[in-house]
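Residue numbers (my numbering): 84 to 270. Think of the CB as a built atom: it goes at the ideal place given N, C-alpha and C, for glycine as much as any other residue. Please read these numbers as outputs of a predicted model, since none were measured by experiment. Here the structure is laid out as C-alpha cells; the discussion comes afterwards.
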C-alpha cells in the first residue's frame, strides 16, 4: 500500500471514529482532519495540543508500524480522540469512563496505556562473556567494541562506540549481537 493510500485509510478511519463518538453523545474538540503518520514502534499514538485556550486545536498521530489491522488503528484513534474531550487530556478517571463507554458501544479495546509483554532475557553468567572482551559488535548498523566488565550486578558489560562513548549492557545483549566475522574477532 502506497503512502497516499495509507494516509487516506487512516484519515477515513479517523472520520469514522469521530462519527462513532458523536453517535454516543461525545463531541471531540477541533482537531486536524489528517492523521500524522509515524513509524514509531514504542509510541503507537499521540494527541498534541497545537493551540490552547477556549478553542483548542489538536493533532492526532498514529504509528503505521505498530498498528497492523484496522481494529488496532481504530482503538488508537478512539484513544487519541478521547484526549480531545474536556477533562480527558490525561489518563484519569474521566478518560477511563469515556473509554469504557466506547468499548461497550463498539466492542473496541480502548485503554489508557498499551503495554506489550516484556521479553524475558535469559541470565548469562559473566564468565561466559569475559573471554569476549575486545570483540566488536554490530548493533543496528553501528559498531561497538566490548571493552570490559564493571561491577554492576546485571548490566556489567561496557561497550564503546567509534567515538569512544561508553555504554553499559547485560551479558545476554553482548551475546545476542555478537558478529563473528573474520575482521571482527577477539583480540
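Burial check for residue 163: the Cβ neighbour count within 10 Å reaches 16 or more, so the residue is buried.
Here the region 123-131 makes contact with the region 145-165; the two share three or more CB pairs at distances below 8 Å. With contacts defined by Cβ atoms closer than 8 Å, residue 143 and residue 160 form a contacting pair. The beta-carbon separation of residue 158 and residue 193, rounded to 5 Å, stays under the 8 Å limit for a contact.
Taken atom to atom, the span from the alpha-carbon of residue 174 to that of residue 256 is near 34 Å. The beta carbon of residue 172 lies closer than 7 Å to those of 166 in the same chain, with the five residues before and after it left out.
In this structure residue 136 is exposed. Its beta-carbon is surrounded by fewer than 16 other beta-carbon atoms within 10 angstroms.
Residue burial annotation: residue 187 is exposed, with fewer than 16 other C-beta atoms found within 10 angstroms of its C-beta.
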